[in-house]
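Shown next, in structure tokens, is the structure this report addresses.
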Amino acid sequence: MAKISCCLVILVLFWTASVWAQARIDLKAIKVIESSNNPFAYNAKTRCYGLYQISEICLKDFNYFHGTDYKPKSLFNPLLNKKISAWYFKRIEKMLKFYGVPVSLTAVLASYNWGIGNVLAWHKKGGEFHRLPGMTRAYIRKYKKLSSLDKNK
């Protein structure tokens with residue numbers, strides 16, 4: 001039984017490491033920015049839910065790809081919200097690659113905050129940081145300030 005538990009732990013660690021290693025996103029920083037760590041956060045304007053502020057469109061995409069039928073209220077479950085956020089960051093990276101946009105921290109975070117379609121148009125116009133909307137530039141700066149990744153410890 002101990003061998004099975006050990007193997008299960010190793011598999012979980014391997015899976016979670018690959019989720020964060022691809023885009024190198026610090027999900028702890030994201031949830032602070034998105035919801036101030038409030039699992040019941042809801043933005044009526046954007047219709048985004050939970051810790052990572054998952055939109056209904058993102059949820060629909062997740063359900064389609066995973067054969068699930070989660071409802072928006074399910075997004076108040078912190079574990080599900082985190083799972084969808086981690087999946088979506090990987091999806092953003094794949095979409096950026098597909099459309100020929102260099103995968104960078106700026107492009108990934110801007111896509112999560114501003115939307116992939118907007119980032120594609122921004123990239124076609126040169127992809128200069130100062131041409132991102134002010135709220136997206138502020139989001140990226142806040143992320144860099146909060147993120148524990150790549151900081152010397």
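All residue numbers in the sequence shown are consecutive under my numbering, ending with 153. Glycine included, every Cβ here is placed at the ideal spot set by N, Cα and C. Note that this is a predicted model, so its numbers are computed, not measured.
Cβ-based neighbour list, residue i, same chain, cut-off 8 Å, excluding 5 preceding and 5 following
i, result
"Ala21", "Note that Ala21 scores a pLDDT of 37, beneath 50, so its modelled location is shaky; the value from the coordinates is reported in the next line. Excluding sequence neighbours, Ala21 sits near nothing in its chain."
"Ser35", "Ala41, Gly50, Leu51, Tyr52 and Gln53"
Distance CB(residue i)-CB(residue j) smaller than 7 Å
i, j, result
"Glu93", "Val103", "yes"
"Gly50", "Phe76", "yes"
"Leu146", "Ala29", "yes"
"Tyr88", "Cys58", "yes"
"Ile33", "Lys142", "yes"
"Thr68", "Ala110", "no"
Same chain, Cβ closer than 7 Å to residue i, neighbours up to 5 away in sequence not counted
i, result
"Ser55", "Thr46, Arg47 and Cys48"
"Leu149", "Arg24 and Asp26"
"Ser85", "Leu27, Ile30, Tyr52 and Ile54"
Three-state secondary structure (DSSP) of residue i
i, result
"Asn43", "strand"
"Tyr52", "coil"
"Ile25", "coil"
"Gly63", "Checking the sequence shown, residue 63 turns out to be Asn, not Gly. In the structure shown, Asn63 sits in a helix (DSSP, three-state: H, G or I)."
"Ser35", "helix"
Own chain residues within Cβ distance below 6 Å of residue i, not counting five before or after
i, result
"Leu96", "Val103 and Ala107"
**OP:** For the segment 68–146, list the beta strand (DSSP E) runs that are entirely contained and at least 3 residues long, ordered along the chain.
**Re:** none
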